[in-house]
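Here's the structure we're looking at; comments come further down.
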Amino acid sequence: MLEQLSDLVKQYGNEAVVNNNAVPNELNEGVMDEASTSIFSGLQKIISEGGADKIGELFQGENAGSASNPVVKQLTEQFSGNLGEKFGLSGDAASGVAGGLIPKVLGSLIGKAKNPNDKSFEISDIVNSLSGGQGNSSVMDAIQKYGGQFGLDQNNDGKVDMSDAMAAVNKKGGIGGLLGKLFGR
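Okay, so the sequence shown: first residue is 372 according to my numbering, each after it adds one.
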């Protein structure tokens with residue numbers, strides 16, 4: 372996923388980084404690499420701190436590219452701080468780069484993941500990659516929290532639990548189908 376994320380950063384990095392006079396040309400590649408790493412590690416950190424519901428909301432909503440989205444805001448601030456520390460960019464320059472890059476990259480990432488015709492980012496692959504292959508409990512927490520809203524109460528007992536999840540997995544074609552249903556694909 373990191374390589375695919377790097378491709379998105381390069382796609383949106385021209386305006387925010389390469390054509391930005393506040394970023395010396397010799398730092399362009401490093402800044403874009405840092406953007407990819409910051410997004411990936413930031414999302415991992417959110418999941419590891421029990422924020423799977425935040426990631427679920429990011430995928431569910433339509434504001435993944437908005438600076439007002441709490442996840443986007445957190446990742447933008449983190450990246451901005453990293454630019455100051457690692458590359459010596461001023462606060463204004465770092466904020467400008469981060470604000471011009473992170474919302475666009477996340478908006479595109481989520482848009483691609485939610486688009487059934489775009490196979491470049493699969494929700495299940497993203498969740499698995501971010502959780503290091505250990506994300507099932509976090510994913511299950513998100514399923515339990517949001518599952519009722521998405522018709523995942525397969526046995527109509529008023530709660531979403533493992534039996535509902537397994538029925539949905541079997542019915543929807545594996546964990547990718549379940550996550551697609553959960554996150555609106």
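Every residue, glycine too, gets a C-beta built ideally from N, C-alpha and C.
**OP:** Apply the 10 Å Cβ neighbour rule to residue 393 and answer buried if 16 or more other Cβ atoms are within range, or exposed otherwise.
**Re:** Answer is exposed; the Cβ neighbour count stays below 16.
Original post:
Under 7 Å, do residue 443 and residue 474 count as touching if we go by C-beta distance?
Top reply: Against a cut-off of 7 Å, the Cβ pair of residue 474 and residue 443 comes out as a contact.
Subject >> Contact check, residue 415 vs residue 477, beta carbons under 7 Å >> reply: The Cβ atoms of residue 415 and residue 477 do not sit closer than 7 Å to each other.
Subject >> Limits of the unbroken alpha helix (DSSP H) element including residue 492 >> reply: Unbroken run through residue 492: none, as it is neither H nor E.
Subject >> residue 405 in three-state terms, based on DSSP >> reply: Assigned with DSSP and collapsed to three states, residue 405 falls in helix.
Subject >> Residue from 376, 480 and 372 whose Cα sits closest to the Cα of residue 435 >> reply: Checking every option, the nearest Cα to that of residue 435 belongs to 480.
Original post:
What's the C-alpha gap between residue 493 and residue 456?
Top reply: Going by the C-alpha atoms only, they are around 33 Å apart.
Subject >> Whole-angstrom distance between residue 411 and residue 499, CA atom to CA atom >> reply: Each residue's Cα considered, the two are about 12 Å apart.
Original post:
How long is the line joining the alpha carbons of residue 438 and residue 470, rounded to whole angstroms?
Top reply: Using only the alpha carbons, I get a separation of about 7 Å.
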